[in-house]
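Novice: First to last, the protein sequences are chains A and B. Going by the numbering used here, the first residue of the first sequence is number 321, and it counts up by one from there. Going by the numbering used here, the first residue of the second sequence is number 321, and it counts up by one from there. C-beta atoms are modelled at their ideal positions from N, C-alpha and C, and glycine is treated no differently. My questions will all concern the structure given below.
There are 2 protein chains.
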Amino acid sequence: MAVTIYDIAREAKVGIGTVSRVLNNSPKVTSETRDRVVTVAKRLNYQPHAFAQALARKRSNTLSAVIPFFTNYFFIQVLQGVQETLAAVGYDLIIHGANTQLQLEEYLDHSMRKGRVDGTLLFSLTLPDRFADFFLEKKNPLVLVDTYHPLFDSIRVDNTEGAKKATEHLLSLGHRTIGMMNANLNSVPARERLLSFKETMNVHGVEVQDEYIINSSYTKNDGFSREAGYEGMLEFLRRGVKLPSAFFVSSDIQAIGMIAALRENNIHVPEDIAIVSFDDIELAKYFNLTTMQQPMFNMGELAVKKMLERIENPSAPISSINFTPTLVVRSSCGANKNFVLNDNR
Amino acid sequence: MAVTIYDIAREAKVGIGTVSRVLNNSPKVTSETRDRVVTVAKRLNYQPHAFAQALARKRSNTLSAVIPFFTNYFFIQVLQGVQETLAAVGYDLIIHGANTQLQLEEYLDHSMRKGRVDGTLLFSLTLPDRFADFFLEKKNPLVLVDTYHPLFDSIRVDNTEGAKKATEHLLSLGHRTIGMMNANLNSVPARERLLSFKETMNVHGVEVQDEYIINSSYTKNDGFSREAGYEGMLEFLRRGVKLPSAFFVSSDIQAIGMIAALRENNIHVPEDIAIVSFDDIELAKYFNLTTMQQPMFNMGELAVKKMLERIENPSAPISSINFTPTLVVRSSCGANKNFVLNDNR
DNA sequence: GTTTTCTGTGGAAGGGCTTTCAGGAACTTA
DNA sequence: TAAGTTCCTGAAAGCCCTTCCACAGAAAAC
Chain A
321 MAVTIYDIAR EAKVGIGTVS RVLNNSPKVT SETRDRVVTV AKRLNYQPHA FAQALARKRS
381 NTLSAVIPFF TNYFFIQVLQ GVQETLAAVG YDLIIHGANT QLQLEEYLDH SMRKGRVDGT
441 LLFSLTLPDR FADFFLEKKN PLVLVDTYHP LFDSIRVDNT EGAKKATEHL LSLGHRTIGM
501 MNANLNSVPA RERLLSFKET MNVHGVEVQD EYIINSSYTK NDGFSREAGY EGMLEFLRRG
561 VKLPSAFFVS SDIQAIGMIA ALRENNIHVP EDIAIVSFDD IELAKYFNLT TMQQPMFNMG
621 ELAVKKMLER IENPSAPISS INFTPTLVVR SSCGANKNFV LNDNR
Chain B
321 MAVTIYDIAR EAKVGIGTVS RVLNNSPKVT SETRDRVVTV AKRLNYQPHA FAQALARKRS
381 NTLSAVIPFF TNYFFIQVLQ GVQETLAAVG YDLIIHGANT QLQLEEYLDH SMRKGRVDGT
441 LLFSLTLPDR FADFFLEKKN PLVLVDTYHP LFDSIRVDNT EGAKKATEHL LSLGHRTIGM
501 MNANLNSVPA RERLLSFKET MNVHGVEVQD EYIINSSYTK NDGFSREAGY EGMLEFLRRG
561 VKLPSAFFVS SDIQAIGMIA ALRENNIHVP EDIAIVSFDD IELAKYFNLT TMQQPMFNMG
621 ELAVKKMLER IENPSAPISS INFTPTLVVR SSCGANKNFV LNDNR
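Set out below in structure tokens:
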């Protein structure tokens, strides 16, 4: 059987209380007894029993992450930030896939077992109100990433600022007929990005032409998909409208689909049309997309930090942090034709 | 405080043992008392305390996965198989990132806490022998994915068969001068794929020319990287050797780098040179790579099933399963110019 | 030298569950 | 009707830890 503190206590001729104190670095132990206990523990190759600890401490040093992580690359990178930060402080991470709102509710209904985790990280999906109460009542900390709820800490990307910067980049390059390839307006980011695009155009006195706004009707991934970009552009071309000189695209993955559709029609990027997109997923590099970079790793990192703070201090005021995306210039808008080839991860 | 079985026992006027039996579907309870208990449990919104259960049952219904999952797309997809299969049987998944052998040993040394998980899934990294004993002694089930050790269950891809099929595909298209862009020979898959490539060529009576074999000296990701493919090809071109008519490339990601290098030198795929690679990561679709598909989702799924079997029956004979990759024909070897555009996930 | 304070220590209690064990009630069998 | 079975149930023990409480002995104060 496994070694327990009783074994150590016996061998070191001390009480179990003392053993526990030594192992938890309590100061109230003579260095002499401490040494004795440490030596025995090492000799027996003692490993504390995580569950017993969690039961006694009412704390598990474990977080759960609910992630639609199979949908795109965004989550993988956020997850990396989460996991590295967590590993550094000795926390474990339990992963739950929930690709749709439905799956989220299912998870929340069935598997959300109290006592299991010290906190929950919810990614991208919208927290249904009936569960808000649940988290509040149970005092189970919840941190939202890439989504928002007024009663919980959240970490997001500033879509308004990002879309503004992207649009201004295009404007600064001299483009005056600019379209927007958008995702499904059901999604909050899609709405925010569109709004900001229009406003920025207005501010700069450049007319927004409605026929150049392509909103997606795809529901899968809210239209943030290669397919949506591909079909959207194909349909746009079918309409026979004259092409604008540039497009702001609401995600890299759509831009990739869109480029394929353009290429099939012998329209080239950036020679014939400029593109700025959003996200800076790993693929963006391979397709030379000029894009608005979301600091995904940092978001994951920060989410964990927020969570740890919240666990320490449950009554701290709720905070909502916005990351501002930064423009990464590659060659898809012609601003810079230098092909950056470094495979930096 | 949270609702416990004591609360239920009191309200339902039964003993705690009976409550526990009801909740665990023990048959030795009258349907009358069962109903009474179930009703109360529901009314109080009882949730079993996972840690207390784990402590009492000596079973946690939790698996840990040690994954170098930030290195490439392979793992994400395997992980998806793992997580979905696990969710279906009510298991939790704890994720640990370990990108190098060193990090693996660190994890094994520090964090491998007995009692925490029912089993461990180790991906791609090589299990150091000193830890083999550890798992054996502790009777902590271990299943290896994409790696091998004689004393544990493992699930792999048949590199030999895959390289053979890839090479034969090229041969069947009439190619007679075929090169191989390989990863670092330190890695087992790289060695296996090279060996099989050579053998297949021999079997078909086609000469292998050493100057057409490019082995990578990159250590990062064992040369399974875009950079390795890019630089490898650039250096090859610099040598001024006449190009073979086709290349077998040991991974998609290398092929993508290689294609970039070729393009810069005005060499086009598949017009000037044919390429078959290995893996079928999601990117492969976007680059139209003809490639050997590894059934990643299925591997994850099977890994979990094996693990569950192993937990049920610790003394079952050790099994080692080889998946045979299947050829996915796209346009990179000219065999099929139909661009498949579906964004199927 | 006596009383008070302080330190370090042992061990019981408690955390929430499963499981074993013993016993009461209902039922058979002689 | 007594003895033997069967079935269900309650309660205690155990899983392994942390923490609280009490106490002995040393140190400090008087």
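#1: For the region 585-604 of chain B and the region 528-541 of chain B, state whether three or more C-beta atom pairs, one from each stretch, are separated by less than 8 Å.
#2: Residues bridged to A:M612 by DSSP?
#3: Of the choices A:P634, A:F567, A:S346, A:D542, whose alpha-carbon is the least far from that of A:G494?
#4: Report the residue from B:K605, B:S571, B:E547, B:V402 whose alpha carbon sits nearest the alpha carbon of B:G577.
#5: Where does A:G654 fall in DSSP's three states?
#6: In terms of DSSP beta bridges, what is A:G417 paired with?
#7: Whose Cβ in chain A lies nearer than 9 Å to the Cβ of B:G482?
#8: For B:S635, count neighbouring Cβ atoms within 10 angstroms of its own Cβ and tell me buried if that reaches 16, exposed if not.
#9: Using a Cβ cut-off of 9 Å, which residues of the region 628-644 of chain B contact any Cβ in chain A, in chain order?
#10: Taking buried to mean at least 16 other C-beta atoms within 10 Å of its own C-beta, is B:K484 buried or exposed?
#11: When we look at the beta-carbon of B:N658 and count the other beta-carbons within 10 Å, is it buried (16 or more) or exposed?
#12: Using 8 Å as the threshold, is the region 356-363 of chain A in touch with the region 331-348 of chain A, meaning 3 or more CB pairs across them?
#13: For A:R379, collect the residues of the same chain with a Cβ closer than 7 Å to its Cβ; drop the 5 residues on either side in sequence, then sort them by chain order.
#14: Between A:N642 and the rest of its own chain, which residues show a CB-CB distance below 6 Å, the 5 nearest in sequence each way excluded?
#15: Quick one: which chain A residues come within Cβ less than 7 Å of B:I396?
#16: Starting from the N-terminal side, write out each stretch of the beta strand (DSSP E) that is 3 residues or longer and does not extend beyond the region 475-551 of chain B.
#17: Given this structure, state the Cα-to-Cα distance separating B:A581 from B:L505, to the nearest angstrom.
#18: Within the continuous beta strand (DSSP E) that includes B:F567, where are the two ends?
#19: Can you tell me whether A:T446 is helix, strand or coil according to DSSP?
#20: Starting from B:L364, trace the beta strand (DSSP E) both ways and give me its first and last residue.
#21: May I ask you to verify whether the region 448-460 of chain A touches the region 620-628 of chain A, counting CB pairs closer than 8 Å and requiring at least 3?
#22: Name the one or two DSSP bridge partners that A:A382 has.
#23: Under the three-state reduction of DSSP, which class applies to A:V465: helix, strand or coil?
#24: If the criterion is Cβ atoms closer than 8 Å, does the pair A:A503 and A:Q574 meet it?
#25: Output, in chain order, the set of chain B residues within a Cβ distance shorter than 7 Å of A:L413.
#26: Can you give me the Cβ contacts of A:I387 inside the same chain, cut-off strictly under 6 Å, excluding the 5 residues immediately before and after it?
#27: Assuming A:M501 contacts A:S570 under a Cβ cut-off of 8 Å, what Cβ separation, rounded to an integer in Å, is found between them?
#28: Tell me whether A:D638 sits in a helix, a strand or coil according to DSSP, three-state version.
#29: Which stretch, first to last residue, makes up the alpha helix (DSSP H) that contains A:E331?
#30: Counting C-beta neighbours from all protein chains within 10 Å, is the total for A:V561 16 or more, i.e. buried, or is it exposed?
#31: Taking all protein chains shown into account, decide if B:E551 is buried (16 or more other Cβ within 10 angstroms of its Cβ) or exposed.
#32: Using the rule of at least 16 other Cβ atoms within 10 Å of the residue's Cβ for burial, across every protein chain shown, is A:L515 buried or exposed?
#33: Report back the beta-carbon spacing between A:L441 and A:L490 to the nearest angstrom; my notes put them in contact at under 8 Å.
#34: Using a cut-off of 8 Å between C-beta atoms, extract the partners of A:E404 located in chain B.
#35: Please list the residues of the region 559-579 of chain A that have a C-beta atom closer than 8 Å to any C-beta atom in chain B, keeping them in chain order.
#36: Looking at C-alpha atoms only, which residue of B:I414, B:L364, B:I579 is the closest neighbour of B:I328?
Specialist: The relevant details are as follows:
#1: no
#2: What you label residue 612 of chain A is simply residue 292 of the first sequence in a count that begins at 1. A:F598, A:L647.
#3: Position 174 of the first sequence holds residue 494 of chain A. Nearest option by C-alpha distance: A:F567.
#4: Position 257 of the second sequence, counted from the first residue, corresponds to residue 577 of chain B. Of the candidates B:K605, B:S571, B:E547, B:V402, the one whose C-alpha sits nearest the C-alpha of B:G577 is B:E547.
#5: Start at 1 with the first residue of the first sequence, and residue 654 of chain A comes out as number 334. DSSP places A:G654 in coil when its eight states are reduced to three.
#6: Sequence index remark: in the first sequence, residue 417 of chain A carries index 97 (1-based). Answer is A:I387.
#7: Residue numbering aside, residue 482 of chain B sits at position 162 when the second sequence is read from its first letter. Ordered by position in chain A, no residue passes the 9 Å Cβ test against B:G482, which lies about 24 Å from the chain.
#8: As a first step, residue 635 of chain B must be located in the second sequence, where it is residue number 315. Label assigned to B:S635: exposed.
#9: none
#10: Sequence index remark: in the second sequence, residue 484 of chain B carries index 164 (1-based). B:K484 is buried by the Cβ-count criterion.
#11: On the second sequence, residue 658 of chain B is found 338 positions in, with the first residue counted as 1. The predicted position of B:N658 is uncertain, since its pLDDT is 42 and thus under 50; a value taken from the coordinates is nonetheless stated next. Label assigned to B:N658: exposed.
#12: yes
#13: Here residue 379 of chain A refers to the residue found at position 59 when the first sequence is read from its first residue. So the qualifying residues of the chain are D438.
#14: The residue labelled residue 642 of chain A in the question sits at position 322 within the first sequence. Excluding positions up to five away in sequence, the list reads R476, D478.
#15: Taking the second sequence and counting its residues from 1, the one referred to as residue 396 of chain B is at position 76. Those are I396, listed as they occur along chain A.
#16: 498-501
#17: One-based indexing of the second sequence puts residue 581 of chain B at position 261. One-based indexing of the second sequence puts residue 505 of chain B at position 185. Computed Cα separation, rounded: 22 Å.
#18: In the second sequence, the residue the question calls residue 567 of chain B occupies position 247. 566-569 is the span of the beta strand (DSSP E), which, as asked, contains B:F567.
#19: Reading the first sequence from its first residue, position 126 is the one you call residue 446 of chain A. In this structure, A:T446 counts as coil in the three-state DSSP scheme.
#20: Counting from 1 along the second sequence, the entry for residue 364 of chain B is found at position 44. Where B:L364 is concerned, there is no enclosing beta strand (DSSP E), given that its DSSP letter is neither H nor E.
#21: no
#22: Along the first sequence, one-based indexing puts residue 382 of chain A at 62. According to the sequence as given, residue 382 of chain A is Thr; it is not Ala. Bridge partners of A:T382: A:D412.
#23: Numbered from 1 along the first sequence, position 145 holds the residue referred to as residue 465 of chain A. DSSP places A:V465 in strand when its eight states are reduced to three.
#24: Walking along the first sequence from the start, residue 503 of chain A turns up at place 183. Walking along the first sequence from the start, residue 574 of chain A turns up at place 254. Yes, they are a contact pair.
#25: If you number the first sequence from 1, residue 413 of chain A lands on position 93. Under the 7 Å cutoff, chain B gives I414, I415.
#26: Numbered from 1 along the first sequence, position 67 holds the residue referred to as residue 387 of chain A. F395, F443.
#27: What you label residue 501 of chain A is simply residue 181 of the first sequence in a count that begins at 1. What you label residue 570 of chain A is simply residue 250 of the first sequence in a count that begins at 1. That belief holds up - the Cβ atoms of A:M501 and A:S570 are roughly 7 Å apart, short of 8 Å.
#28: To locate residue 638 of chain A, count along the first sequence from 1; it is residue 318. Per the sequence shown, the amino acid found at residue 638 of chain A is Ile instead of Asp. Coil at A:I638, not helix or strand.
#29: Walking along the first sequence from the start, residue 331 of chain A turns up at place 11. Unbroken alpha helix (DSSP H) run through A:E331: 325-332.
#30: Mapped onto the first sequence, residue 561 of chain A falls at position 241. Exposed, since its Cβ has fewer than 16 Cβ neighbours within 10 Å.
#31: Position 231 of the second sequence holds residue 551 of chain B. With 16 or more other Cβ atoms within 10 Å, it is buried.
#32: Residue numbering aside, residue 515 of chain A sits at position 195 when the first sequence is read from its first letter. Exposed, by the Cβ-count rule.
#33: Your numbering for residue 441 of chain A matches position 121 in the first sequence. Your numbering for residue 490 of chain A matches position 170 in the first sequence. The pair is not a contact, with the Cβ atoms about 35 Å apart (cut-off 8 Å).
#34: Within the first sequence, the letter at position 84 stands for residue 404 of chain A. What A:E404 touches in chain B: G417.
#35: I576, G577
#36: Taking the first residue of the second sequence as position 1, residue 328 of chain B is located at position 8. That would be B:L364, whose Cα lies nearest to the Cα of B:I328.
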